[in-house]
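In what follows, a single structure is set out as structure tokens and then discussed.
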Amino acid sequence: MDPKSSRLIAARRDDAPGWDHRIRVESVHSVDSPLGVGYVENGENACPPEDSGGIPGYQEFLDALQESPRSEEMKEFLRWAGEDFDPTRFDRFAANAALLRMGWNRWVVLDGEDD
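If you read the sequence shown in my numbering, its first letter stands for residue 1125, the second for the next number, and so on.
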């Protein structure tokens, strides 16, 4: 894939039907790295916790968090998701670590390598 010709990248997780990620490419620069991968400057919201029950399960979690954050149901959800889970938090460092793992493990095709 040539990021210069594609401004929107879509990714789908095979193990989580319905979870799609959209990555908007805003600029392309030369990278002085043996992996040649880019980096994330900004984003929105947290990824759902593992095994969140797909879109319906995660929506139930978000609804409970908003409607009754101190309920017993919410306490149970937070034990499962992690006490410090914040659905509005975007972890730029984790996103960049994931990109590095993808490049290192050759999970992405870098420009010019798909010939």
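Glycine residues also receive a C-beta, built at the ideal position from the N, C-alpha and C atoms.
Between which two residues does the alpha helix (DSSP H) holding residue i run?
i: Tyr1163; result: It is not in any alpha helix (DSSP H) - Tyr1163 carries neither H nor E in the DSSP assignment.
i: Ala1205; result: Glu1196 to Ala1205
So, residue i versus residue j, is the Cβ gap smaller than 9 Å?
i: Asn1166; j: Pro1211; result: no
i: Pro1173; j: Phe1209; result: yes
i: Val1152; j: Arg1216; result: no
i: Ala1188; j: Phe1201; result: yes
i: Ser1176; j: Ala1219; result: no
So what does DSSP say about residue i, is it helix, strand or coil?
i: Arg1148; result: strand
i: Asp1210; result: coil
i: Asn1220; result: helix
i: Trp1228; result: helix
i: Gly1177; result: coil
i: Asp1187; result: helix
Report the residue from the options whose alpha carbon sits nearest the alpha carbon of residue i.
i: Arg1213; options: Gln1183, Cys1171, Met1226 and Trp1204; result: Cys1171
i: Arg1078; options: Gln1183, Met1226 and Glu1207; result: There is no way to answer for residue 1078, as the model of the chain reaches only from 1125 to 1239.
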